[in-house]
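Colleague: Last residue of the sequence shown? That's 213 in numbering that gives the first Met the number 0, and every number before it is there in order. Each residue gets a CB set at the ideal place from its N, CA and C atoms; glycine is no exception. As the structure is a prediction and not an experimental result, all values here were calculated from the model.
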Amino acid sequence: MDIGLLNCKGKYFRWDDDAIKLLFLFLIDRKDAVRLLSTNRGNIKPKLWSEASDVLLNSGHHYSPRQCSVKWNNIKAKFKDDMVKSCNNPIQVRYKTEIEEILGRSHYYSGINKYRRWDDGAIKLLFLFLIDRKDAVRLLSTNRGDIKLKLWSEASDMLLSSGHHYSPQECMIKWKNIKKNYKDDMDKSRNNPIQVRYKTEVEKILVCRYNRFY
């Protein structure tokens, strides 16, 4: 088969499962290059997809560089749609493990609603998690990127295991909002006693009184 002709014909040619598995193996191995595709570096794109096409051809699968590129973009688009749907209606997200390994967790959550309503059960679980990891939480102010990424990824995984679909970024934003509301309420309570929501939980995590707020 003339692979060159496939650049302008059959962009949406049906892919068999073995070819998709090989494409994923290739992209996992080249994940650093894949993550640079969004920078629009023209020299990276043609080289990556030409190599992908060659790898598939060596195993008897005839797909052009263009078809490999289109297939990857379609997989990502479908994945993102499924992740959005799974926020409120848990579904099986196809190729989730492979895409996470290629792109990293933070990438695919971009575009998913960051400000969805949190139910009480999820908030309670988040507090239990943060109380258990309070030593790591107190290090967040040092801006140690490795700590932040690990902590919020683990928080997201813990919630997911209990049926609550919130991304690492959503967990981080929720905690920041809780702290901000706590601080604001403590300010107000100086002159006008009010009930400070989550006061006990926040102070368990940060082990502080308001005048020593982290």
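(1) Count the other CB atoms within 10 Å of the CB of L55; is the residue buried (16 or more) or exposed (fewer)?
(2) Tell me which residues share the same chain as A121 and place their Cβ nearer than 7 Å to its Cβ, disregarding the 5 neighbours each side in the sequence.
(3) Taking DSSP as the reference, what is the three-state secondary structure of F12?
(4) Is it buried or exposed for V206, if we count other Cβ within 10 angstroms and need 16 for buried?
(5) Can you grab the Cα-Cα spacing for the pair C170 / R137, in whole Å?
(6) Kindly indicate which three-state DSSP category P167 falls into: helix, strand or coil?
(7) Mind checking which residues open and close the alpha helix (DSSP H) that includes V92?
(8) For the alpha helix (DSSP H) that contains N42, what are its first and last residues?
(9) Give me, in chain order, the residues of the same chain whose beta-carbon lies closer than 6 Å to that of E97; leave out the 5 immediate sequence neighbours on both sides.
(10) With 16 other CB atoms within 10 Å as the buried threshold, where does K179 fall?
(11) Quick check: what's the CA-CA separation for I204 versus I177?
Modeller: If we stick to the structure as given:
(1) The residue is buried, with at least 16 neighbouring Cβ atoms inside 10 Å.
(2) If you ignore the 5 residues before and after A121, its C-beta comes within less than 7 Å of the C-beta of L158, H163 and Y165, all in its own chain and listed in chain order.
(3) The answer is coil: DSSP assigns F12 none of H, G, I, E or B.
(4) Exposed is the call here.
(5) Rounded to whole angstroms, C170 to R137 spans 16 Å at the Cα level.
(6) DSSP, reduced to helix, strand and coil, places P167 within a helical segment of the structure shown.
(7) Here V92 belongs to no alpha helix (DSSP H), and DSSP marks it neither H nor E.
(8) It is not in any alpha helix (DSSP H) - N42 carries neither H nor E in the DSSP assignment.
(9) Within its own chain, the residues whose Cβ lies closer than 6 Å to the Cβ of E97, once the five positions on either side in sequence are excluded, are F23, listed in chain order.
(10) K179 is exposed by the Cβ-count criterion.
(11) Note on geometry: alpha-carbon atoms of I204 and I177 lie some 12 Å from one another.
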